[in-house]
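Reading through the structure tokens given below for one structure.
2 protein chains.
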Amino acid sequence: MVHMMRPLTVLFLFFTTSSVISLKYRYKTYYYKQQVDHFGFTNVDKFPQRYLFCDESWNKNGGPIFFYCGNEGDISLFAENTGFNTTYSGYLTSEQALADYADLINHIKSTVKGAEKSPVIVFGGSYGGMLASWFRMKYPHIVDGAIAASAPILQFVGMTPCGKFGQVVTKDFTDQSKACSEGIKWINENWKLCRPLKNKEDLSYLKEFLTNVYGNLAMADYPYPASFLAPLPANPIMRVCEFLKHPNFDSTDFLLELFDGISVYFNYTKTARCLDHTKDASSLLGDEGWDFQACTEMVMPFCYDGKSDFFEPTPWNFTEYSEMCYSKWKVMPRPLMPEIQYGGSKIRAASNIVFSNGLLDPWSTGGVLKNLTDSLIAVNYPGRSSSPGSS
Amino acid sequence: MVHMMRPLTVLFLFFTTSSVISLKYRYKTYYYKQQVDHFGFTNVDKFPQRYLFCDESWNKNGGPIFFYCGNEGDISLFAENTGFNTTYSGYLTSEQALADYADLINHIKSTVKGAEKSPVIVFGGSYGGMLASWFRMKYPHIVDGAIAASAPILQFVGMTPCGKFGQVVTKDFTDQSKACSEGIKWINENWKLCRPLKNKEDLSYLKEFLTNVYGNLAMADYPYPASFLAPLPANPIMRVCEFLKHPNFDSTDFLLELFDGISVYFNYTKTARCLDHTKDASSLLGDEGWDFQACTEMVMPFCYDGKSDFFEPTPWNFTEYSEMCYSKWKVMPRPLMPEIQYGGSKIRAASNIVFSNGLLDPWSTGGVLKNLTDSLIAVNYPGRSSSPGSS
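Line by line, the protein sequences are chains A and B. Using the numbering used here, you'd call the opening residue of the first sequence number 12 and step up by one each time. Using the numbering used here, you'd call the opening residue of the second sequence number 12 and step up by one each time.
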């Protein structure tokens, strides 16, 4: 979730459940001339929106359509940076993305023989999970149902306490080993002693880097090797904590142990010569797009108190955040946009959505964890992330 | 309905039903700094959106909010031309209008004491009725229910046969007097004989003018005097037809009778010195705005066959229509936009909407005339228009 963009690519799937494994990602690649702005006529440009199409096992007489709502990064090679189109960056919003999908499905239904009356089920994980659930809410005449995995639709201003995320990250490490968690807490409190950093700015970069690393590890703590945010082994938190079994805070050995630990995150492939703490490994995922979205519509407040979590106390400061956004993108965030557009937790008028969450995933704190009606269903896994977009 | 624009003005009402009459339109006028583009960050301008506010009889402890969705023309003086803001014309779409309302209601609820948890009922007629129903569909977390009067949400491409509208207009005149209807049919067939018109273009203007006059008369055929599209007496169709009781098609007297008839429409106030057939009387209503909308999103096909209606046979020609729009506004229409955005008749996932229609109103042909679910209710009046926006 850390880095996402208006999905320029969409996986479009026709299949029956039993054939998923045998398909092995065979698909055709098409392009649809998509409107840049769906809600106005000032900019009438179009762009070629790529989508992947698979009808191998589809019942061509109105069989259901499964529509994957995309996510951060390129769909065919998850960690490929697709580039951020600055010409149209102002149109990079969730509302435009949903309208992309609506137009595309309309196009498919009117051009693919046998698809005209097909039911449409949409799905996605993380940002794609939010899009899936919002797609059903806003376009129920096009989408019959949605499966929204690890979709933090409540991670916005005024919906979820900003400290929850850090608490789950902390718990994930503590559950692995209390010593590990204490080691990280010690570093967060005492890192200012570390000599090699030249100035305060370096220190703040490193702190931010590590904060992201811990969060990303908790988010991608799958029981199998994966390359979601970075190439990682199975159970990466366990692997990190193996290096921090008996931290001795009075010895510099401890700092080396930590370095070995976080190397699991940034250098599991052993190809990095050194750690560039100014660059988050997950920048692989086209972070400029998500960074822009986080600075405009997708404002998600995070804060840490150092007591209920192991991070350095950092309050949520919207003014500072806005100024940072303005200096970077020359736009001011609109933090109320998701609530006004989608309703936050006031979604009882919607229907046919399954929200799945892995409770170890820190993003689950912004997820829908309880059934809201008999067709707005929450499925919680006590274990790890449930996002199909990231598995 | 003929001429409308993105409502720049909104009547915002708090009241209890019993107090409506006693209020006599007392309200305060406020302005809200509204986003020009709600769905992107390329244009971050704001404009002062006027709204009228009335809380005289409101229960200030969470009483319901009644929200009027606006319509064509200025709200405080219905027939005043509010001017068409060409700077922002590209943002004149129904989606932006709904987002205006959502932001405005959010603003009201967070600033007016006691309104935070108020239920919100929206209502409107004609275009405002469409907006009311779509507002509930798209923002059910903000709108608890909608009353959509004379709202032709099915008057779009592929939803309703293009000839229906003309058939109801014809029926309205025939019901009044068969001779009247035949007189109009004769003119529509034979008007080319009329000498005073200088050239073909003049003739086509006049024909279009008369087509609009008949439609507007049918739409505004109220049993009481009103100034919706033009200052009109009660039962204007009856008054028009009084002049055409015994048409003699072989006499030029007939043309004079017709002139007297249509004078009911364009000159009931006796202030016009002559008939300017190049200008529709309903241009009072800010027609540039609606003309732009009809050329972009609100594409409503009309056609006439001269058999089931009394008009000159005119097929619906989308290519010609698009070319006309492009030459006038330099935009191409997007005729599928209403269906993709709002679903046409596929709105069974929505709830809490009452659609009311007067069956003599030709716009009812594009209305929802049957209950769709137990909370999508159709109320049909066999008589005249049911639009509160026009009464």
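Yeah, the Cβ is synthetic: ideal placement off N, Cα and C, and Gly gets one too.
Determine which residues of the segment 96-119 of chain A have a Cβ less than 7 angstroms from any Cβ of chain B, and write them out in chain order. G101, Y102, T104, E106, Q107, A113, D114 and N117
Identify each residue in the segment 358-377 of chain B for which the Cβ-Cβ distance to at least one residue of chain A is less than 9 angstroms, and report them in chain order. I358, R359, A360, A361, S362 and N363
Less than 8 angstroms between the CB atoms is what I'm expecting for P190/B and H118/B, so what's the real figure, rounded? Here residue 190/B is taken as the residue at index 179 of the second sequence, counted from 1. Here residue 118/B is taken as the residue at index 107 of the second sequence, counted from 1. Here the sequence assigns Ala to residue 190/B, which means Pro is not the residue at that position. No, A190/B and H118/B are not in contact; Cβ-Cβ is about 56 angstroms, not under 8 angstroms.
Best match in A113/B, F303/B and G378/B for proximity to S333/B [C-alpha to C-alpha]: Position 322 of the second sequence holds residue 333/B. Nearest option by C-alpha distance: F303/B.
Quick check on DSSP: helix, strand or coil for R61/B? The count along the second sequence starts at 1 and reaches residue 61/B at position 50. Reduced to three states, the DSSP call for R61/B is strand.
Interface residues of chain A around F329/B at Cβ under 8 angstroms? Walking along the second sequence from the start, residue 329/B turns up at place 318. Here the premise fails: no neighbours, minimum Cβ distance about 16 angstroms.
Considering only the beta carbon of each residue, do A143/A and V131/A sit closer than 8 angstroms? For the purposes of this step, residue 143/A is taken as the residue at position 132 of the first sequence. For the purposes of this step, residue 131/A is taken as the residue at position 120 of the first sequence. Not a contact, by the Cβ cut-off of 8 angstroms.
Drop a sphere of 10 angstroms on the beta-carbon of R359/A, count the other beta-carbons inside from all chains shown, and report buried for 16 or more, exposed for fewer. Residue mapping note: residue 359/A aligns to position 348 of the first sequence, counting from 1. With fewer than 16 other Cβ atoms within 10 Å, it is exposed.
Of all the options M141/B, P324/B and V310/B, which has the alpha carbon lying nearest to the alpha carbon of D316/B? For the purposes of this step, residue 316/B is identified with residue 305 of the second sequence, where counting begins at 1. Considering only alpha carbons, the answer is P324/B.
Could you name the residues of the same chain whose beta carbon sits closer than 6 angstroms to that of L255/B, not counting the 5 residues immediately before and after it, in chain order? On the second sequence, residue 255/B is found 244 positions in, with the first residue counted as 1. Closer than 6 angstroms at the Cβ level, and outside the excluded window around L255/B, lie C191, G194, E268 and G272.
G74/A to G354/B, Cα distance in whole Å? Position 63 of the first sequence, counting from 1, holds the residue named residue 74/A. Position 343 of the second sequence, counting from 1, holds the residue named residue 354/B. Taking the straight line joining both Cα atoms gives about 21 angstroms.
Under 8 angstroms, with one C-beta from each stretch per pair, do the segment 171-188 of chain B and the segment 374-386 of chain A reach the 3-pair mark? no
According to DSSP, is K189/B helix, strand or coil? Numbered from 1 along the second sequence, position 178 holds the residue referred to as residue 189/B. It is helical.
Segment limits, alpha helix (DSSP H) that includes I153/B: Counted from its first residue, the second sequence places residue 153/B at position 142. Counting along the chain, I153/B falls outside any alpha helix (DSSP H), and DSSP gives it neither H nor E.
In terms of alpha-carbon separation, which member of V123/A, Y112/A and T122/A lies closest to G135/A? Position 124 of the first sequence, counted from the start, is the residue given in the question as residue 135/A. If we check each option's Cα against that of G135/A, Y112/A comes out closest.
Out of curiosity, what's the CA-to-CA distance linking P346/B and G125/B? Here residue 346/B corresponds to residue number 335 of the second sequence, with the count starting at 1. Here residue 125/B corresponds to residue number 114 of the second sequence, with the count starting at 1. Between P346/B and G125/B, the C-alpha separation is close to 42 angstroms.
Starting from the beta carbon of F10/A, find every residue of chain B whose beta carbon is closer than 7 angstroms, and list them in chain order. Summary: the structure shown does not reach residue 10/A, with chain A confined to residues 12 through 402, and so no result is reported for it.
Name the chain B residues that come within less than 7 angstroms of P151/A, Cβ to Cβ? Position 140 of the first sequence, counted from the start, is the residue given in the question as residue 151/A. Chain B residues near P151/A: A360.
Please compile the residues from chain C whose C-beta is within a distance smaller than 7 angstroms of the C-beta of G354/B. This model lacks chain C altogether; the protein chains it does include are A and B.
Label P418/B either buried or exposed according to how many other C-beta atoms from any shown protein chain fall within 10 Å of its C-beta, with 16 as the threshold for buried. It is not possible to answer for residue 418/B, since the shown part of chain B is limited to 12 through 402.
According to the Cβ coordinates, are D372/A and T181/A closer than 8 angstroms? Taking the first residue of the first sequence as 1, we reach residue 372/A at position 361. Taking the first residue of the first sequence as 1, we reach residue 181/A at position 170. Not a contact, by the Cβ cut-off of 8 angstroms.
Minimum C-alpha distance to N227/B - residue among L217/B, K218/B and I248/B: Here residue 227/B corresponds to residue number 216 of the second sequence, with the count starting at 1. That would be I248/B, whose Cα lies nearest to the Cα of N227/B.
Please check the pair W327/A and C314/A, which I expect to be a contact at CB under 8 angstroms, by giving their CB distance rounded to whole angstroms. Residue 327/A sits at position 316 when you count from the first residue of the first sequence. Residue 314/A sits at position 303 when you count from the first residue of the first sequence. W327/A to C314/A, Cβ: 4 angstroms. Contact.
When you compare only the Cα positions, how much space is there between L221/A and V365/A? To locate residue 221/A, count along the first sequence from 1; it is residue 210. To locate residue 365/A, count along the first sequence from 1; it is residue 354. Those two C-alpha atoms are separated by around 33 angstroms.
Which of helix, strand or coil DSSP assigns to Y112/B: Indexing the second sequence from 1 puts residue 112/B at position 101. In the structure shown, Y112/B sits in a helix (DSSP, three-state: H, G or I).
Contacts of T307/B in chain A (Cβ-Cβ under 7 angstroms): On the second sequence, residue 307/B is found 296 positions in, with the first residue counted as 1. By Cβ distance, chain A contributes F52.
Using alpha carbons as the reference points, say which of G51/A, A389/A, I164/A and N70/A lies closest to C1/B. No answer is possible for residue 1/B: the residues shown for chain B start at 12 and end at 402.
Interface partners of V379/A on chain B, CB under 9 angstroms: On the first sequence, residue 379/A is found 368 positions in, with the first residue counted as 1. In chain order: nothing, as chain B lies at least about 14 angstroms away.
What's the call for E299/B, buried or exposed, on a 16-neighbour Cβ count within 10 Å? Taking the first residue of the second sequence as 1, we reach residue 299/B at position 288. Its Cβ being crowded by 16 or more others within 10 Å, E299/B is buried.
Buried versus exposed, by CB contacts within 10 Å (16 or more), E308/B: By one-based count along the second sequence, residue 308/B stands at place 297. Buried.
Where does S367/B sit, in a helix, a strand or coil, going by DSSP? To locate residue 367/B, count along the second sequence from 1; it is residue 356. S367/B falls in the strand class under three-state DSSP.
Look up I195/B in the DSSP assignment and give the residues it is bridged to. For the purposes of this step, residue 195/B is taken as residue 184 along the second sequence, with counting starting at 1. In DSSP, I195/B forms no bridge with anything.
Just mark N382/B as buried or exposed, buried being the case when its beta carbon has 16 or more other beta carbons within 10 Å. Numbered from its first residue, the second sequence carries residue 382/B at position 371. With fewer than 16 other Cβ atoms within 10 Å, it is exposed.
DSSP three-state assignment for I164/A, whether helix, strand or coil: Start at 1 with the first residue of the first sequence, and residue 164/A comes out as number 153. Here I164/A sits in coil by DSSP.
What residues of chain B sit near V55/A, judged by a beta carbon separation below 8 angstroms? By 1-based counting over the first sequence, the position of residue 55/A is 44. Result: V342 and M343.
How many whole angstroms separate the CB atoms of V47/B and Y99/B, which I take to be in contact at a CB cut-off of 8 angstroms? Start at 1 with the first residue of the second sequence, and residue 47/B comes out as number 36. Start at 1 with the first residue of the second sequence, and residue 99/B comes out as number 88. The pair is a contact, with the Cβ atoms about 5 angstroms apart (cut-off 8 angstroms).
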